[in-house]
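First residue of the sequence shown: 2, per the numbering used here; consecutive thereafter.
We put the CB at the ideal spot given by N, CA and C, even for glycine.
The structure appears right after this line, and notes come after that.
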Amino acid sequence: MLEKGVHFDPGPGNVNRVSLKYFVAVVLVFNSLSRALLCMFKQTSCSETRCFSNSYQSARNRLLDELSLTDSRLIKWHIPYAHPESGPGETGLYCDCIYMCHGQVATNLLVLISATHGVEGFAGSAIQLDIMRHFCSSPGDYKDMGMLIIHALNPWGFAWLRRCDHQGIDLNRNFIDFAQALPDNPDFTKLLGSLNNPQLQTTCHIEALWKHMGEYQFTETVTRGQYKHANACFYGGTAPAWSHELLQQLIDKPDIKLAMQIAVVDIHTGLGPYGYGEIINDHIPGTEGFNKASKWYGEAAKSPVLGDACSTVKTGLLDYFWHRVIGDRGCFVTLEFGTYSIQRFWESLLDEQNYHNRTAVRKLDHPAVQKLRDYFYPVEEAWQQRVIDRGRNVVRLAIQGLSDETA
Ligand SMILES: [Zn+2]
């Protein structure tokens, strides 16, 4: 009987097989080490705020660079949905959907969405990049879990610095049943003359409207959603938008259909205190989704229906689409990062809408466009650091919530 490694003489015929085995083993060890080092390098060589990009194109390039450096075994699929229109400089526009998983299959699913409101995509894109790096370097944190990155759900708005899409549709008002009569918002129509009048779009005038209607009533009426005026803000469209149809295709993927528990985090900016990321739970109180959001995110999860969130109740939210997809299998939350004052919000939004209505060729360096971008994306290290920190914190809560449900 041979004693392993002592008396065994491989003989000339076995030398190549043994050498090959050693060679393969060395290559595998080298590969593993280099991947681990690469992940460590990526984690430490780039400060967190450098996950931010200053344009859609640059954000997408960085996402693709990140993917090219990621262990290909982790990327189960990547669908770049091509948008029918081009970006600035005739560049292509894509919503990139990437599914990653450490094992062969996953029990649970984490979904991170950016740029539902185009120009708000800077924060979401940065968080996605940061979490992808963490996913790569910390497999233990993502055990039995797949991660779906939906990068730039509204790439046209992200690239052209608009909140809505190429058809003027506010995607977050578009998820209604178009087989039914369109929701009516007659109070919005009464305000249209004021909202779309450049002479009246001053802070003074908006404050006068608030005083006349009451701030809550004004905000609720205008932001609830309207389905009549494509040239005004919060327009929900008359048919499913391009991004809406894309999601309808995407949800047929078995990795979404078969997940036992799902946590969706849709990242926005523009409401609430500067740099604070509020978790908004738009599930109906008493439902499984509502209860799970409360359980997973605790007191930090605020409800517009109960009146304790920075946002009011809306028609046609993306949330409602995912609520149907998820059923009792988890919850959907919006992560909303505050930027500047509400007065500045209205001024930026209405000024840009007015510029858009009267221009044929959109210029990204126009003051109204820049003002809108600056409102939704503060290029300040303190704000960006808080976004990254809160993004990590919320993802950690989502992961914990998912694993607790299936423990
Ligand atoms: Zn938003």
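At least one heavy atom of ligand 1 is found less than 7 Å from the C-beta of Asn173. Annotation: the stretch 139 to 196 contains the following complete segments of the beta strand (DSSP E) (minimum length 3 residues), in chain order: 146 to 152. For a cut-off of 8 Å, the C-beta gap from Arg391 to Gly299 is around 14 Å, too long to register as a contact. Rounded to whole angstroms, the Cβ separation of Leu307 and Val395 is 20 Å, and the two are not in contact under 8 Å. Set against 7 Å, the gap from the CB of Glu67 to the closest heavy atom of ligand 1 is not smaller. Asp66 and Ile76 have their C-alpha atoms roughly 13 Å apart.
Asn282 sits in coil when the DSSP states are folded into three classes, being neither helix nor strand. In this structure, the CA atom of Thr190 is about 12 Å from the CA atom of Asn232. Taken through DSSP and simplified to helix, strand or coil, Met133 comes out as helix. In this structure the stretch 222 to 236 does not touch the stretch 252 to 264; the number of beta carbon pairs closer than 8 Å is below three. With fewer than 16 other beta carbons inside 10 angstroms of its own, Gly287 counts as exposed. At a cut-off of 3 residues, the continuous stretches assigned as beta strand (DSSP E) that sit fully inside the stretch 54 to 101 are 76 to 83. Bridge partners of Gly339 according to DSSP: Tyr275. A Cβ-Cβ separation of about 5 Å places Leu110 in contact with Gly147 under the 8 Å criterion. Cβ atoms of Leu172 and Ala242 come within 8 Å of each other, at about 6 Å. Burial is judged here by how many other beta carbons sit within 10 angstroms of a residue's own beta carbon; Ala107 has at least 16 and is buried.
Taking a 10 Å sphere around the C-beta of Lys364, we find fewer than 16 other C-beta atoms and assign the residue as exposed. For Val334, DSSP records a beta bridge to Val266. Here DSSP, grouped into helix, strand and coil, assigns Leu110 to strand.
DSSP, read as helix, strand or coil, puts Tyr236 in strand. The DSSP-derived three-state label of Ala302 is strand. Near ligand 1, meaning a Cβ closer than 5 Å to any of its heavy atoms, lie the following residues in chain order: His118, Glu121 and His269.
By the Cβ neighbour-count rule, Pro379 is buried, with 16 or more other Cβ atoms within 10 Å of its own. Under the three-state reduction of DSSP, Gln105 is assigned to coil, being neither helix nor strand. Counting along the chain, the unbroken alpha helix (DSSP H) around Lys372 starts and ends at Pro368 to Phe377. Arg325: member of the alpha helix (DSSP H) spanning Leu319 to Ile327, first to last residue. Counting only residues of its own chain and dropping the five nearest sequence neighbours on each side, Ile343 has no CB closer than 6 Å to any other CB. Beta-carbon to beta-carbon, Arg174 and Phe235 are separated by about 6 Å, close enough to satisfy the 8 Å threshold. Gly238 has its alpha-carbon roughly 18 Å from the corresponding atom of His84. Sixteen is the threshold: when 16 or more other Cβ atoms of the shown chains lie within 10 Å of the Cβ of Glu348, as they do, the residue is buried. Judged by DSSP secondary structure, His245 falls within the alpha helix (DSSP H) whose first and last residues are Trp243 to Leu251. Inclusion of Trp157 and Asp145 in the CB contact set at 8 Å is not warranted, their separation being larger than that value. Following the DSSP letters along the chain, one finds Gln386 inside the alpha helix (DSSP H) bounded by residues Glu382 to Glu406.
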